[in-house]
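Remarks on the structure that follows.
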Amino acid sequence: MGRIGLEHPFCPRCFASIGQAAACPSCALPFDRSGALLDVLGSRARERRAEEVERFYTKSPFPGYAPGDDGASLLDRSRRAPFLVALDAAIAPDARVLDLGCGTAQVPAFLALAASHRTVVGIDGCRESLAHAEEFRARAVVDNLQLVRADLFDLPVEPRSFQVVISRGVVHHTPDPDDAIAKVAECVAPGGVLVLGWYETAGRLFHCARRALGRLRGQPIRALDPLLRRRDMDDEKKRIWIEDQYLHPLEHILPLPHVLPLLDSLGLHWIRSIPPATRGEGLFDPTPRPSAMGIRRLQLAWALRGLNDPDAGLVCVVARRA
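Next up, the structure:
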């Protein structure tokens with residue numbers, strides 16, 4: 002079920018080529034256009050906190066592209082990230098892949114560049130983040146990636162139509178994380194896989210303490226933050242990190258024992274968590290589901306990792322629909 006025969010731009014709902022149309026000629030999905038970027042939201046009013054989050058990312062699109070980034074540099078950088086290497090290796094080269102809350106779309110751009118027969122869709126609610134993403138997509142000529150501006154709670158895709166759905170770092174920035182997880186899960190096809198990332202309560206423990214101390218001091222304490230201590234990170238990236246991690250207007254933290262039963266109720270069943278990293282097996286290869294004691298051990302490891310965790314408590318669970 003790959004993209005062979007598709008032409009960019011294409012409809013995220015039915016995958017028909019849309020040319021220069023203002024609505025899909027096949028399924029009639031309407032959208033505004035900014036070049037090849039499709040805007041399903043347009044000027045519609047959104048929930049107040051969703052608008053606050055969009056204004057936040059308009060000021061600080063995350064993550065940013067480096068000056069002169071192109072397809073080769075993104076591939077090189079991504080292939081030095083163990084998680085992305087494992088993710089790419091696990092996804093079939095002709096799969097349909099959806100990234101929800103893609104931001105500036107570096108992950109979906111990498112997955113599209115790494116396998117030209119994949120059909121990759123990146124959806125986000127922030128016009129400015131997607132403008133950065135579309136500028137890169139056009140410059141790098143990533144024709145198997147379609148970018149779409151839409152609301153997570155009103156997605157312009159057919160239910161259960163993607164073999165792989167990725168949502169890392171968005172559900173905890175929504176007004177209702179449980180409903181957000183349900184909306185994300187609904188996109189996973191039978192036999193498909195969800196890669197869900199969120200701020201886990203134990204994993205986020207030390208970062209919450211760093212943030213509280215920073216607020217008392219009036220600014221983040223750089224010596225306590227593993228990314229702000231890095232000398233190979235430029236000032237602009239550090240500024241964006243501070244905005245995202247210390248000044249975000251809407252954030253929830255969710256414990257693993259809450260998320261797992263929710264995924265079960267949505268028909269998605271445990272494959273693994275990350276961390277820990279894979280140890281030779283594939284990212285989508287099943288591992289034993291942890292017991293209650295095993296979950297507590299995972300949370301303790303995540304909490305301790307938080308002292309020097311560059312992801313600041315972002316945990317992933319991989320789950321499969323039967």
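Our numbering puts the first residue of the sequence shown at 2, with every later residue one more than the last.
A virtual CB, placed ideally from N, CA and C, is assigned to each residue, including glycine.
When C-alpha distances from residue 104 are compared across 133, 76, 91, the shortest belongs to 133. Within the DSSP bridge table, the entry for residue 82 names no partner.
Here residue 156 really is in contact with residue 188; their C-beta atoms are around 7 Å apart, less than 8 Å.
A direct Cα-Cα distance of roughly 16 Å separates residue 289 from residue 264.
In chain order, 33 place their CB closer than 7 Å to the CB of residue 43, counting only its own chain and leaving out the 5 sequence neighbours on each side. Here residue 126 is not near residue 316, since their CB atoms are 8 Å or more apart. Here residue 59 carries a helix assignment [DSSP, helix/strand/coil]. Note on geometry: alpha-carbon atoms of residue 307 and residue 148 lie some 33 Å from one another. A straight line joining the alpha-carbon of residue 194 with that of residue 282 spans about 16 Å. Per DSSP, reduced to three states, the secondary structure at residue 35 is strand.
Residue 228 sits away from residue 176, with the two beta carbons spaced by 8 Å or more. In the structure shown, residue 74 falls within a helical segment according to DSSP collapsed to helix, strand and coil. Comparing alpha-carbon positions, the option among 90, 254, 140 lying closest to residue 279 turns out to be 90. Residue pairing from DSSP places residue 24 in a beta bridge opposite 31. Under the criterion of beta carbons closer than 8 Å, residue 99 and residue 158 qualify as touching, at roughly 7 Å. Spanning the alpha carbons of residue 309 and residue 277 requires a straight line of approximately 15 Å. Residue 108: member of the alpha helix (DSSP H) spanning 107 to 115, first to last residue.
Taking every protein chain shown into account, the CB of residue 250 has fewer than 16 other CB atoms within 10 angstroms, so this residue is exposed.
In the structure shown, residue 164 falls within a strand segment according to DSSP collapsed to helix, strand and coil. By the C-beta density criterion, residue 202 is buried, having at least 16 other C-beta atoms within 10 angstroms. Looking at the DSSP output, residue 120 bridges to 97. One alpha carbon belongs to residue 319, the other to residue 86, and they sit about 15 Å apart.
Put simply, the backbone Cα of residue 135 is about 44 Å away from that of residue 292.
The DSSP-derived three-state label of residue 90 is helix.
In the DSSP annotation of this structure, residue 232 is not part of any alpha helix (DSSP H), being labelled neither H nor E. A contact is defined here as three or more CB-CB pairs under 8 Å, and the stretch 257 to 274 fails this definition with respect to the stretch 68 to 80. Secondary structure of residue 270 (DSSP, three-state): strand. When 302, 300, 186, 314 are compared, the shortest CA-CA separation from residue 323 is found for 186. In the DSSP annotation of this structure, residue 304 is not part of any beta strand (DSSP E); the continuous alpha helix (DSSP H) holding it starts and ends at 293 to 306. Collapsing the DSSP output to three states places residue 143 in coil. Ranked by Cα distance from residue 14, the options 120, 213, 55 are led by 120. For residue 10 and residue 143, the gap between their C-alpha atoms comes out near 11 Å.
Just measuring C-alpha positions, the residue of 174, 181, 180, 184 sitting nearest residue 50 is 174.
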